[in-house]
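Everything below concerns the one structure shown next.
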DNA sequence: TTCCGACAGTGGGGTCGCAAT
DNA sequence: ATTGCGACCCCACTATCGGAA
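Numbering (the UniProt record's numbering), first residue to last: 1 to 507.
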């Protein structure tokens with residue numbers, strides 16, 4: 001029953017101890033029907049078996065009156081969401097609304113709350129996939145490492161969890177790398193400098209250009225090529241150049257990891273916005289391709305030479321990649337133990353218009369789906385001193401605190417300020433409390449109950465990765481990945497950086 | 001007893017496709 | 001033609017728990 005999940009979710013939300021959350025989840029998994037295990041695992045880790053159903057915050061605004069008695073089964077809810085997802089074409093939004101109202105009208109208040117959070121992608125129970133892995137292991141009586149390994153190869157915990165619950169450790173060991181089915185890609189940790197990155201790894205390392213495009217995983221089985229994104233979406237039809245490039249390789253049994261991006265004729269990369277737009281284009285790929293051709297650069301191989309390579313050291317995987325792929329399709333790379341060489345390579349990458357580098361251990365295996373310690377990204381960091389123009393009330397654990405800052409640069413021509421974006425990042429609890437008090441003291445002007453306008457007096461030092469063209473902000477520019485470094489109590493607003501300075505960074 | 005790896009949470013800008021206006 | 005919504009591309013950072021050292 002859905003109510004069982006809602007109750008478990010409430011119990012999981014109630015405390016902060018992870019072991020207690022695991023115990024609650026495992027208890028539920030211990031009594032779920034086998035044919036509903038997949039749904040239960042998905043829901044309680046914040047996922048939908050359908051991945052998405054076209055329902056977001058707006059569609060969930062005013063739910064109908066709840067029922068008093070809980071009657072909905074997991075299967076019923078799942079089937080109704082299938083029907084919601086299937087609705088398309090003219091009039092579908094009205095029909096969708098009706099179906100959703102029917103569904104929510106059949107639920108109790110507790111069930112409504114659970115389903116709303118689930119559909120919004122904000123379960124906020126302090127437990128998602130990472131905790132659910134442990135719960136599955138506990139409920140199935142198998143080591144968590146076995147669940148993780150199967151998940152790495154299958155990429156979808158509900159399927160892995162259901163198998164573990166019904167078939168135990170043997171069922172888990174039956175999962176293997178399947179060409180044509182994506183593996184969660186390995187992610188990188190970050191460091192502030194090449195020196196710090198080398199320090200974390202120790203010994204010689206590979207330094208690779210970090211290209212600012214879209215992460216892809218390319219599979220080839222015989223003549224069949226498939227391409228997947230970081231979240232395992234199939235984008236094969238959107239990247240024909242990549243399909244052709246992989247199809248032309250001598251080997252017909254491959255799983256490759258790389259980055260796709262749009263390059264300019266002069267050999268420099270297009271801004272991320274251009275690559276992103278091209279990769280997202282689905283309606284007229286041929287035309288999009290003519291306007292913005294894509295290039296691909298590989299940096300790892302998960303399968304080649306007729307063998308799975310995940311467990312091999314990075315260096316061995318790279319050697320296999322180099323045997324399978326011509327050099328022009330590989331990410332520029334330098335192996336060194338000399339920090340100065342690494343720094344020079346990093347500078348060269350940035351000078352060539354790229355994001356930075358990833359410093360990689362030569363030893364570690366491919367940590368699929370994890371932020372492995374073996375890969376460390378390093379990017380240059382820009383900073384500006386900007387003025388707080390307004391601030392938004394936070395939600396969740398930031399409820400009651402002023403959180404999201406509206407940032408402005410000085411405009412000497414008008415004597416005013418030009419908004420460049422917002423940020424909520426980099427704030428400690430202490431700083432959140434401080435800025436709430438400080439900003440309320442200088443609140444002035446319109447407020448909509450969500451955004452508090454303040455007198456432009458407070459200067460804050462902001463780090464960011466770069467500037468990008470913006471149609472949202474009046475200055476035509478916005479900051480990318482802005483975060484707070486510190487408040488500049490030593491500076492007044494008329495000493496803040498100007499919008500011209502920001503624009504000059506766009507070149 | 002202290003340290004640190006892994007997670008979850010809190011949101012940021014931009015783009016596309018689709019349905020409604 | 002424009003607007004709003006949902007989905008997904010890129011993502012940084014802090015707090016916390018609990019196992020490792």
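Here a beta-carbon is modelled for each residue, glycine too, at the ideal position from N, C-alpha and C.
Since this is a predicted model, take the numbers as computed values, not measurements.
Straight-line gap, residue i to residue j (C-alpha atoms, nearest Å)
i: residue 362; j: residue 505; result: 35 Å
i: residue 98; j: residue 72; result: 18 Å
i: residue 489; j: residue 40; result: 51 Å
i: residue 286; j: residue 327; result: 27 Å
i: residue 47; j: residue 118; result: 7 Å
i: residue 511; j: residue 267; result: As shown, the chain starts at 1 and ends at 507. That puts residue 511 outside it, with no answer to give.
i: residue 295; j: residue 280; result: 15 Å
i: residue 278; j: residue 166; result: 43 Å
i: residue 185; j: residue 20; result: 30 Å
i: residue 420; j: residue 477; result: 6 Å
i: residue 126; j: residue 304; result: 39 Å
i: residue 217; j: residue 123; result: 29 Å
i: residue 316; j: residue 507; result: 39 Å
i: residue 417; j: residue 108; result: 49 Å
i: residue 360; j: residue 240; result: 30 Å
i: residue 481; j: residue 461; result: 14 Å
i: residue 4; j: residue 450; result: 35 Å
i: residue 333; j: residue 318; result: 10 Å
i: residue 320; j: residue 35; result: 41 Å
i: residue 8; j: residue 491; result: 51 Å
Sub-9 Å separation of residue i and residue j beta-carbons
i: residue 467; j: residue 479; result: yes
i: residue 342; j: residue 357; result: yes
i: residue 383; j: residue 205; result: no
i: residue 2; j: residue 55; result: no
i: residue 368; j: residue 214; result: no
i: residue 405; j: residue 497; result: no
i: residue 297; j: residue 259; result: yes
i: residue 180; j: residue 251; result: no
i: residue 161; j: residue 136; result: yes
i: residue 177; j: residue 308; result: yes
i: residue 445; j: residue 436; result: no
i: residue 373; j: residue 210; result: no
i: residue 475; j: residue 411; result: yes
i: residue 469; j: residue 189; result: no
Simplified DSSP assignment, three categories, for residue i
i: residue 269; result: strand
i: residue 446; result: strand
i: residue 434; result: helix
i: residue 155; result: coil
i: residue 254; result: strand
i: residue 318; result: helix
i: residue 229; result: coil
i: residue 420; result: strand
i: residue 43; result: helix
i: residue 132; result: helix
i: residue 15; result: coil
i: residue 263; result: strand
i: residue 280; result: helix
i: residue 406; result: strand
i: residue 114; result: helix
i: residue 298; result: strand
i: residue 464; result: strand
i: residue 356; result: strand
i: residue 202; result: coil
i: residue 148; result: helix
Distance cut-off 8 Å: residue i Cβ against heavy atoms of the ligand FAD
i: residue 319; result: With respect to the ligand FAD, the structure offers nothing, as it holds no ligand at all.
Buried or exposed (CB count within 10 angstroms, at least 16 for buried), residue i
i: residue 380; result: exposed
i: residue 371; result: exposed
i: residue 413; result: exposed
i: residue 192; result: exposed
i: residue 375; result: buried
i: residue 352; result: exposed
i: residue 347; result: exposed
i: residue 68; result: exposed
i: residue 501; result: exposed
i: residue 91; result: exposed
Proximity to residue i [Cα-Cα], best of the options
i: residue 102; options: 198, 344 and 64; result: 64
i: residue 237; options: 414, 482 and 283; result: 283
i: residue 306; options: 234, 352, 219 and 366; result: 219
i: residue 172; options: 100, 156 and 146; result: 146
i: residue 170; options: 157, 330, 198 and 143; result: 143
i: residue 81; options: 93, 50 and 88; result: 50
i: residue 22; options: 140, 470 and 75; result: 140
i: residue 70; options: 57, 6 and 12; result: 6
i: residue 472; options: 322, 455 and 422; result: 422
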